[in-house]
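Residues in the sequence shown are numbered from 154 upward in steps of one, following the numbering used here. Every residue, glycine too, gets a C-beta built ideally from N, C-alpha and C. The block underneath contains the structure these notes are about, expressed in structure tokens.
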Amino acid sequence: MSENQHSIENETVVSKSEDAVVLSFIVPACCDFYDGHFPEFKLLPAVGQFEIVTRFSKKYFGTQRYVPSARRMKFSAPIVPDSHVILDMNYNRAKQNVTFVLYEEGNREKEFSSGTFSVLPQES
Numbered sequence: 154m155s156e157n158q159h160s161i162e163n164e165t166v167v168s169k170s171e172d173a174v175v176l177s178f179i180v181p182a183c184c185d186f187y188d189g190h191f192p193e194f195k196l197l198p199a200v201g202q203f204e205i206v207t208r209f210s211k212k213y214f215g216t217q218r219y220v221p222s223a224r225r226m227k228f229s230a231p232i233v234p235d236s237h238v239i240l241d242m243n244y245n246r247a248k249q250n251v252t253f254v255l256y257e258e259g260n261r262e263k264e265f266s267s268g269t270f271s272v273l274p275q276e277s
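Take a look at the structure:
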């Protein structure tokens with residue numbers, strides 16, 4: 154069995170409140186999401202970006218990984234190996250959704266992706 158190499162385990166909390174978190178992390182070149190996507194120009198696919206966002210939503214907001222619906226998703230720029238990334242997430246408990254923006258650290262104008270998706274709280 155192969156080991157999961159797409160975990161982002163180097164995140165740093167830049168700021169955090171009950172319903173908002175800003176994280177800084179590096180998407181390492183060894184991340185297996187880069188495998189085969191594309192050999193001559195590796196980039197993190199949209200599904201990989203969304204997997205990272207939902208994983209951190211679960212970790213920091215206690216939501217399930219299951220996403221009932223997603224809307225306003227936009228994937229604007231490629232995330233290449235060893236990119237320094239900021240993830241800014243907000244959880245609206247009343248509407249049961251999470252809004253996120255992934256952008257280049259030090260360059261807020263370079264957005265990688267953004268969107269809003271529905272979430273469910275973790276089961277007790």
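Review point. Under 9 Å, do Val174 and Phe214 count as touching if we go by C-beta distance?
Key: The answer is yes: Cβ separation under 9 Å.
Practice item. May I have the straight-line CA-CA distance separating Arg261 from Ile232, to the nearest angstrom? Key: So the alpha carbons of these two residues sit roughly 14 Å apart.
Review point. Can you tell me the Cα-Cα spacing of Tyr187 and His237, whole angstroms?
Key: It is roughly 15 Å from the alpha-carbon of Tyr187 to the alpha-carbon of His237.
Review point. Span of the beta strand (DSSP E) holding Arg208?
Key: It is not in any beta strand (DSSP E) - Arg208 instead sits in the alpha helix (DSSP H) that spans Ala199 to Phe214.
**Study point:** Range of the contiguous beta strand (DSSP E) that encloses Ser168
**Key:** Ser168 -> beta strand (DSSP E) spans Thr165 to Ser170.
Review point. First and last residue of the beta strand (DSSP E) that includes Arg225?
Key: Taken as a continuous stretch (DSSP letters only), the beta strand (DSSP E) holding Arg225 covers Ala223 to Phe228.
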